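Protein chains in written order, with the working numbering: chain A, 26 to 179; chain B, 26 to 179.
Just below is one structure, and these are the notes that go with it.
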């Protein structure tokens with residue numbers, strides 16, 4: 026297997042194509058990962074969530090990491106990592122345009138609302154009293170690698 | 026869709042069955058995610074990596090998060106999250122027994138060495154000069170949720 030570094034364009038194409046990955050946030054240097062659907066536009070990644078630990082942590086510390094991968098086997102895979110900043114699109118006049126754009130982009134996904142709208146039976150009532158949080162991740166940097174089978178690293 | 030909280034036993038079974046997930050570490054409150062193969066035994070998760078950013082960060086801050094998921098669609102999925110601590114199994118007499126155990130467990134996986142042994146053509150020589158880092162994640166807590174289609178949350 027050889028491992029090839031992907032170009033920025035390839036990384037963005039891979040992110041757009043995936044539309045699903047894992048988001049990590051951190052509080053007091055404790056990382057936390059959640060699976061997430063998203064839509065990429067320009068240098069931003071749009072998604073949404075219901076209020077909870079993830080949102081609380083990202084409000085406190087906007088530094089996040091998003092990873093997507095496609096693993097056929099141990100020698101045939103791609104992995105893209107984004108370092109970025111959480112940017113909440115609040116329900117305010119200032120953010121109205123971006124929030125509407127996020128909603129529009131996310132609605133294009135079939136079943137777009139379900140992963141972010143997860144509620145457990147235990148705290149459904151509590152969460153239902155709050156609407157979804159729309160946000161974007163502003164991309165600071167991204168990198169990606171592709172494993173290619175059958176070629177030995179030089 | 027309803028979302029059901031998994032028991033500890035179900036979480037451990039799901040982790041064992043997956044054997045693959047995403048590991049997040051954090052440095053200066055910047056999280057970083059990498060895909061990772063692993064083996065679970067008792068309250069520990071065994072894996073290995075070549076020297077690099079992930080290992081540097083975990084040596085500096087042992088707090089990590091491991092997530093595995095199985096997503097059929099937006100309403101049929103499981104996700105398990107582990108909070109734990111990185112524990113390097115050094116090549117020293119004190120760690121020899123645990124290190125040998127990690128090696129033995131990991132060898133049972135087909136292709137076990139490839140994901141952790143990733144080298145890019147660019148820095149292959151540099152990385153080849155160092156052996157793999159064996160480590161375990163000591164589980165502090167774990168939780169899991171399962172999305173079940175066709176049942177409305179009460």
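Glycine included, every Cβ here is placed at the ideal spot set by N, Cα and C.
Keep in mind it's a predicted model, so treat the numbers as computed, not measured.
Residue span of the alpha helix (DSSP H) that contains residue i, given as start and end
i                      : result
residue 41 of chain A  : 33-43
residue 119 of chain A : From DSSP, residue 119 of chain A is part of no alpha helix (DSSP H); its letter is neither H nor E.
residue 84 of chain B  : 78-85
Extent of the continuous beta strand (DSSP E) to which residue i belongs
i                      : result
residue 163 of chain B : 158-173
residue 63 of chain A  : Looking at the DSSP string, residue 63 of chain A is not in any beta strand (DSSP E), and its letter there is neither H nor E.
Nearest-angstrom beta carbon gap, residue j and residue i [assumed within contact, 8 angstroms]
i                      : j                      : result
residue 92 of chain B  : residue 105 of chain B : 7 angstroms
residue 8 of chain A   : residue 89 of chain B  : There is no way to answer for residue 8 of chain A, as the model of chain A reaches only from 26 to 179.
residue 58 of chain B  : residue 109 of chain B : So it is not a contact: roughly 15 angstroms between Cβ atoms.
residue 65 of chain B  : residue 134 of chain B : Residue 65 of chain B to residue 134 of chain B, Cβ: 12 angstroms. No contact.
residue 114 of chain A : residue 124 of chain A : 4 angstroms
residue 101 of chain A : residue 172 of chain A : 6 angstroms
residue 41 of chain B  : residue 168 of chain B : Actually they do not touch by this definition, with Cβ atoms about 16 angstroms apart.
residue 52 of chain A  : residue 87 of chain A  : With a Cβ gap of about 11 angstroms, residue 52 of chain A and residue 87 of chain A do not count as contacting.
residue 26 of chain A  : residue 118 of chain A : Not a contact, Cβ separation roughly 53 angstroms.
residue 103 of chain A : residue 94 of chain A  : 6 angstroms
residue 54 of chain B  : residue 54 of chain A  : 6 angstroms
Strand pairing of residue i, partner residues [DSSP]
i                      : result
residue 51 of chain A  : A:56
residue 30 of chain B  : B:170
residue 113 of chain A : A:160
residue 74 of chain B  : B:158
residue 127 of chain B : Its beta-bridge partners do not exist; DSSP assigns none.
Chain E contact residues for residue i, given Cβ-Cβ distances below 8 angstroms
i                     : result
residue 88 of chain B : Checking the listed chains, one finds no chain E in this structure; the protein chains it contains are A and B.
The ligand ADP heavy atom lying under 6 angstroms from the CB of residue i
i                     : result
residue 65 of chain B : Absence of the ligand ADP from the depicted structure is noted, as is the absence of any ligand whatsoever, leaving it without description.
Q.
List, from N- to C-terminal side, the alpha helix (DSSP H) runs of 4 residues or more that fit wholly inside the stretch 87-111 of chain A.
A. Entirely contained in the stretch 87-111 of chain A, not one alpha helix (DSSP H) run reaches 4 residues.
Q) Three or more beta-carbon pairs under 8 angstroms between the stretch 57-77 of chain A and the stretch 154-173 of chain A, yes or no? A) With the cut-off at 8 angstroms, the stretch 57-77 of chain A and the stretch 154-173 of chain A touch.
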